[in-house]
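Take a look at the structure set out below.
Protein chains: 2
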Amino acid sequence: MKKIMNCPVAAFIATFTLSAIVLAEEEPKEALSPNQIVEEASVEEWVAIPTEDLLVMRLAPDAEGNPREVIIQLMPAPFSQGWVHNIKLLAREGWYDGISVNRVQDNYVVQWGDPNYDNPESDGEKKTLPDGLKVMGEDEYTNDEPLKNLLTTTLTIDQEWWHKDSYGKSSGHFRGWQLGYSDTQWWPVHCYGMVGVGRNLSPDTGSGAELYTVIGHAPRHLDRNIALVGRVIEGIEYLSSLPRGKGELGFYAEDEFDKRTPILSIDVAADLLESETAPAGLTYDYEYLSTESETFAKYAEARANRRDPFFILPAGGADICNIPVPVRSAPNG
Amino acid sequence: MKKIMNCPVAAFIATFTLSAIVLAEEEPKEALSPNQIVEEASVEEWVAIPTEDLLVMRLAPDAEGNPREVIIQLMPAPFSQGWVHNIKLLAREGWYDGISVNRVQDNYVVQWGDPNYDNPESDGEKKTLPDGLKVMGEDEYTNDEPLKNLLTTTLTIDQEWWHKDSYGKSSGHFRGWQLGYSDTQWWPVHCYGMVGVGRNLSPDTGSGAELYTVIGHAPRHLDRNIALVGRVIEGIEYLSSLPRGKGELGFYAEDEFDKRTPILSIDVAADLLESETAPAGLTYDYEYLSTESETFAKYAEARANRRDPFFILPAGGADICNIPVPVRSAPNG
Chain A
1 MKKIMNCPVA AFIATFTLSA IVLAEEEPKE ALSPNQIVEE ASVEEWVAIP
51 TEDLLVMRLA PDAEGNPREV IIQLMPAPFS QGWVHNIKLL AREGWYDGIS
101 VNRVQDNYVV QWGDPNYDNP ESDGEKKTLP DGLKVMGEDE YTNDEPLKNL
151 LTTTLTIDQE WWHKDSYGKS SGHFRGWQLG YSDTQWWPVH CYGMVGVGRN
201 LSPDTGSGAE LYTVIGHAPR HLDRNIALVG RVIEGIEYLS SLPRGKGELG
251 FYAEDEFDKR TPILSIDVAA DLLESETAPA GLTYDYEYLS TESETFAKYA
301 EARANRRDPF FILPAGGADI CNIPVPVRSA PNG
Chain B
1 MKKIMNCPVA AFIATFTLSA IVLAEEEPKE ALSPNQIVEE ASVEEWVAIP
51 TEDLLVMRLA PDAEGNPREV IIQLMPAPFS QGWVHNIKLL AREGWYDGIS
101 VNRVQDNYVV QWGDPNYDNP ESDGEKKTLP DGLKVMGEDE YTNDEPLKNL
151 LTTTLTIDQE WWHKDSYGKS SGHFRGWQLG YSDTQWWPVH CYGMVGVGRN
201 LSPDTGSGAE LYTVIGHAPR HLDRNIALVG RVIEGIEYLS SLPRGKGELG
251 FYAEDEFDKR TPILSIDVAA DLLESETAPA GLTYDYEYLS TESETFAKYA
301 EARANRRDPF FILPAGGADI CNIPVPVRSA PNG
């Protein structure tokens, strides 16, 4: 990919300022792609992700013996913290080790958990959940809809890049995440790669023992109906390319249980780094582009208005899930 | 799934009419899911898809020897007819037979064509294109942007279900397709499973020899920048679950050419049915739910406002790609 080192921005902003006139006397510059804009971000615009917020999920190796590691970034406060507490507890108790991917529904979700939980076709014994799990909304069970108050958060945000979207509400980016909002209420949205908490019918709110990730067009109708707890930041392809289940809702049917992918372990990255058996040089250094940075604003604008050479007509807008937050391995990581 | 045979609609429409009062005296009904609403559609609301508009793409069998057949519905007039002409010609000339899937980019597209075309890592010979292909926009090459006039269509449509979307334009359903519009101009949009024509930089408009389908969140920034020619109506999972390419843009890199999936054949369904070697009982009878039908309006409303038992809060809207057009095998097909 071409890199234009000087005036990377001026070339694609329609303006009649002095810099535009100067540019006109130089060679014509190609407008940068969103990825090229991100490459130009300064070191200070990247925000380190705490390893305490990262889950490392190891799937069984693929048919050729290649390892498959999926990295999940858990949401920081104030979102979904009760479920995040449970998930870290389950990871630290080793509860997830040995569960499997039991559901792969095309253009929808991949879901993993105890294959003997809530699966009428399995006759094995359920794994016992550890002590100390929070029951989210427990105090509100009487009103039959405990989730309603748990899935949104009151925040005061002053952001420029908030747009009315097709879901009757608005959406935008905040502290590294894609959010929806209405009045003073905010919530994470179901974009590709987001991770949520499986649940049964309300008033069940889900414990965190059953998790899923989005592998298709954003199922935004799930927003504010299920708890989102994070997103896959590496290795989503190991999940999205799994064979689809032929049972109802994409669960693997009884004659294809062998397609369930075993999950060897899910750990908090910070624990792996502190482990005595950690290999030398092990790191989990990831960072996201600050959604409050100047470069992010340019990137988001360019996602909505592609002017790089392939494009002949900028769209004039983009939905929130078509503006993913750039995440990378830290350059020295 | 539960099926409520009486009054399937009244239960989810907020109304104070007599029927609602009558319902109140009966057992409470659960609101229907969008799929349940579609199941209640009358026979007359389904529209048969001409087999002349269907492509049958046979991939090489999977690792276990299972056949993989992908059915593509080509767009009818007035959209993209020049490319559709080319694609049928290429299919009928047998030109596609023996090509392969060369690109699988996660959350984006699967692309198939001649592996030796436009792939710097391949040193094989390009397949020769047949005579009779149209060069779309040929007469307008002088203006450097021949696609601009070819990718939109002037139509007069009177539809209720058209909404402003995040792309600065409006969108809705028309004659079985998802469309975007602005003023009197209309165009197909890049939803999951849509099939488009690969091209090089403008003024190239693509011949139809290189095709792709969307396997992730709708890349709507491609709308009006590339020709869309149809959609996958069956077997998308054979494409969406293929291993992702490790090369640039998801192309299979030189050391993984063995991951390219061979395409045994692409044929027009009507030709297969008329073939002397057609197996007895072969059919390609598909139909879509009329987007102008009463049931479709209810279905679309329910996609935007889920009230079936799992949901606690209807979204209040949905983007066009989250309201796919129901397609099925004809019951007697």
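Protein sequences appear in the order of chains A and B. Everything in the first sequence is counted per UniProt numbering, starting at 1 for the first residue and increasing by one. Everything in the second sequence is counted per UniProt numbering, starting at 1 for the first residue and increasing by one. Ideal placement from N, C-alpha and C gives every residue a C-beta, glycine not left out.
8 Å is my cut-off, CB to CB: does A:H190 come that close to chain B?
Taking the first residue of the first sequence as position 1, residue 190 of chain A is located at position 190. Not one beta carbon of chain B lies nearer than 8 Å to the beta carbon of A:H190.
For B:C321 and chain A, any beta-carbon pair shorter than 8 Å?
By one-based count along the second sequence, residue 321 of chain B stands at place 321. Cβ-Cβ to chain A under 8 Å: yes for B:C321.
Give me the chain A residues within the contact set of B:I312, using Cβ-Cβ distance strictly less than 7 Å, ordered along the chain.
Here residue 312 of chain B is taken as the residue at index 312 of the second sequence, counted from 1. Neighbourhood of B:I312 in chain A, by CB distance below 7 Å: E145, L147, K148, S202, N225, in chain order.
Touch test, the region 289 to 302 of chain B against the region 30 to 37 of chain B, Cβ-Cβ under 8 Å, three pairs minimum
In the pairwise beta carbon analysis, the region 289 to 302 of chain B is classified as touching the region 30 to 37 of chain B: at least three pairs are separated by under 8 Å.
Residues in the region 233 to 252 of chain B having any Cβ partner in chain A nearer than 7 Å:
Answer in chain order: I236, E237, S240, S241, L242, P243, R244.
Chain D residues whose Cβ lies nearer than 7 Å to that of A:G168
Checking the listed chains, one finds no chain D in this structure; the protein chains it contains are A and B.
Restricting to runs no shorter than 3 residues, where is the beta strand (DSSP E) found entirely within the region 62 to 137 of chain A?
Entirely contained in the region 62 to 137 of chain A, the beta strand (DSSP E) runs reaching 3 residues are, in chain order, 68 to 74, 100 to 104, 109 to 113.
How about A:G137: is its C-beta nearer than 8 Å to some C-beta of chain B?
In the first sequence, counting from the first residue as 1, residue 137 of chain A sits at position 137. Between A:G137 and chain B, the shortest Cβ-Cβ separation is not below 8 Å.
Does A:G216 get closer than 8 Å to chain B when you measure Cβ to Cβ?
As a working note, residue 216 of chain A is residue 216 in the first sequence. Judged by the 8 Å Cβ criterion, A:G216 is in contact with chain B.
I'd like to confirm the pairing. Which residues does DSSP put opposite A:P262 in its beta bridges?
The residue labelled residue 262 of chain A in the question sits at position 262 within the first sequence. Partner(s): A:S100.
Short check: CB of A:G196 to CB of A:Y181, under 8 Å?
By one-based count along the first sequence, residue 196 of chain A stands at place 196. By one-based count along the first sequence, residue 181 of chain A stands at place 181. No Cβ-Cβ contact shorter than 8 Å links A:G196 with A:Y181.
So, at 7 Å on beta carbons, what are the nonlocal neighbours of A:R260 in its own chain, with the 5 sequence-adjacent residues on each side left out?
Taking the first residue of the first sequence as 1, we reach residue 260 of chain A at position 260. Within the same chain, A:R260 has close Cβ partners S100, V101, N102, P115, Y252.
On the CB-based measure, 16 or more other CB atoms within 10 Å of its CB, does A:I236 come out buried or exposed?
Looking up residue 236 of chain A in the first sequence gives position 236. Flag for A:I236 reads buried.
In the DSSP assignment, find the unbroken beta strand (DSSP E) run with B:V189 in it and report its ends.
Reading the second sequence from its first residue, position 189 is the one you call residue 189 of chain B. Unbroken run through B:V189: none, as it is neither H nor E.
Looking at the unbroken alpha helix (DSSP H) that takes in B:F296, where does it start and where does it end?
Taking the second sequence and counting its residues from 1, the one referred to as residue 296 of chain B is at position 296. In the DSSP annotation of this structure, the continuous segment of the alpha helix (DSSP H) that includes B:F296 starts and ends at 294 to 304.
Quick check on B:S329 - is its C-beta less than 8 Å from some C-beta in chain A?
For the purposes of this step, residue 329 of chain B is identified with residue 329 of the second sequence, where counting begins at 1. Contacts with chain A at 8 Å (Cβ-Cβ) do not include B:S329.
What distance in whole Å lies between the Cβ atoms of B:Y288 and B:L54, which are believed to be in contact at a cut-off of 8 Å?
Within the second sequence, numbered from 1, the residue matching residue 54 of chain B stands at position 54. Within the second sequence, numbered from 1, the residue matching residue 288 of chain B stands at position 288. Contact flag wrong, Cβ pair sits at about 12 Å.
Distance CB(B:I312)-CB(A:L147) smaller than 8 Å
The residue given as residue 312 of chain B occupies position 312 in the second sequence. The residue given as residue 147 of chain A occupies position 147 in the first sequence. Going by C-beta atoms, B:I312 is nearer than 8 Å to A:L147.
Between A:G317 and B:G168, is the Cβ-Cβ spacing less than 8 Å?
As a position in the first sequence, residue 317 of chain A is number 317, starting the count at 1. As a position in the second sequence, residue 168 of chain B is number 168, starting the count at 1. The Cβ-Cβ distance between A:G317 and B:G168 falls below 8 Å.
Answer with buried or exposed for B:I157, where buried requires no fewer than 16 other C-beta atoms within 10 angstroms of its C-beta.
Here residue 157 of chain B refers to the residue found at position 157 when the second sequence is read from its first residue. It is exposed - the Cβ of B:I157 has fewer than 16 other Cβ atoms within 10 Å.
Where A:D183 and A:H163 are concerned, what is the direct C-alpha to C-alpha distance, given to the nearest angstrom?
In the first sequence, counting from the first residue as 1, residue 183 of chain A sits at position 183. In the first sequence, counting from the first residue as 1, residue 163 of chain A sits at position 163. For A:D183 and A:H163, the distance between alpha carbons rounds to 13 Å.
From the beta carbon of B:N116, is the nearest beta carbon of chain A less than 8 Å away?
Translated into the one-based positions of the second sequence, residue 116 of chain B becomes position 116. Using a Cβ-Cβ cut-off of 8 Å, B:N116 does not count as an interface residue toward chain A, since no Cβ of chain A sits closer than that to its own.
For A:A300 and B:A269, what's the separation of their Cα atoms in angstroms?
In the first sequence, counting from the first residue as 1, residue 300 of chain A sits at position 300. In the second sequence, counting from the first residue as 1, residue 269 of chain B sits at position 269. Going by the C-alpha atoms only, they are around 43 Å apart.
Starting from B:P309, find everything on chain A with Cβ-Cβ shorter than 9 Å and list it in chain order.
By 1-based counting over the second sequence, the position of residue 309 of chain B is 309. What B:P309 touches in chain A: L201, S202.
Would you mind telling me which residues of chain A sit closer than 8 Å to B:V173, beta carbon to beta carbon, in chain order?
Walking along the second sequence from the start, residue 173 of chain B turns up at place 173. Rather than Val, the amino acid found at residue 173 of chain B in this sequence is His. What B:H173 touches in chain A: nothing, since even the nearest Cβ is about 14 Å away.
What residues from chain B crowd round A:D106, counting only those whose CB sits closer than 7 Å?
As a first step, residue 106 of chain A must be located in the first sequence, where it is residue number 106. Within chain B, the residues placing a beta-carbon under 7 Å from that of A:D106 are I236, E237, S240, ordered along the chain.
Contact residues within the region 86 to 102 of chain B, judged by C-beta distance below 9 Å to chain A:
The residues in question: there are none.
Only counting the same chain, and skipping five residues up and downstream in sequence, which positions put a Cβ closer than 8 Å to that of B:W46?
Residue 46 of chain B sits at position 46 when you count from the first residue of the second sequence. The beta carbon of B:W46 lies closer than 8 Å to those of E287, Y288, L289, S290, R328, A330 in the same chain, with the five residues before and after it left out.
For B:V325, is the classification buried or exposed, using 16 other Cβ atoms within 10 angstroms of its Cβ as the cut-off for buried?
Taking the second sequence and counting its residues from 1, one reaches residue 325 of chain B at position 325. Buried, since its Cβ has 16 or more Cβ neighbours within 10 Å.
When you compare only the Cα positions, how much space is there between A:N200 and B:A41?
Translated into the one-based positions of the first sequence, residue 200 of chain A becomes position 200. Translated into the one-based positions of the second sequence, residue 41 of chain B becomes position 41. When the Cα atoms are used, A:N200 and B:A41 turn out to be separated by approximately 29 Å.
Can you give the Cα-Cα distance for B:D165 and A:S166, rounded to whole angstroms?
Here residue 165 of chain B corresponds to residue number 165 of the second sequence, with the count starting at 1. Here residue 166 of chain A corresponds to residue number 166 of the first sequence, with the count starting at 1. Looking at the backbone, the Cα of B:D165 and that of A:S166 are separated by about 5 Å.
Please report the straight-line C-alpha distance between A:R175 and A:R231, rounded to a whole angstrom.
The sequence position of residue 175 of chain A within the first sequence is 175, counting from 1. The sequence position of residue 231 of chain A within the first sequence is 231, counting from 1. Their Cα atoms are separated by approximately 14 Å.
Using beta-carbon positions only, say whether A:Y192 and A:R68 come within less than 8 Å of one another.
Start at 1 with the first residue of the first sequence, and residue 192 of chain A comes out as number 192. Start at 1 with the first residue of the first sequence, and residue 68 of chain A comes out as number 68. It is not a contact, given that the beta carbons lie outside the stated cut-off.
Could you pull the start and end residues of the alpha helix (DSSP H) that B:E234 belongs to?
As a position in the second sequence, residue 234 of chain B is number 234, starting the count at 1. In the DSSP assignment, B:E234 falls outside any alpha helix (DSSP H) and lies within the beta strand (DSSP E) extending over 228 to 234.
For B:E210, which residues from the same chain have a beta carbon less than 8 Å from its beta carbon, with the 5 sequence-adjacent residues on both sides left out?
Taking the first residue of the second sequence as position 1, residue 210 of chain B is located at position 210. In its chain, beyond the 5 residues on either side, Q111, W112, G113, D114, Y117, D118, V197, G198, R199 have a beta carbon closer than 8 Å to the beta carbon of B:E210.
Can you give me the start and stop residues for the beta strand (DSSP E) that A:L54 sits inside?
Working through the first sequence from its first residue, we reach residue 54 of chain A at position 54. Its beta strand (DSSP E) spans residues 54 to 59.
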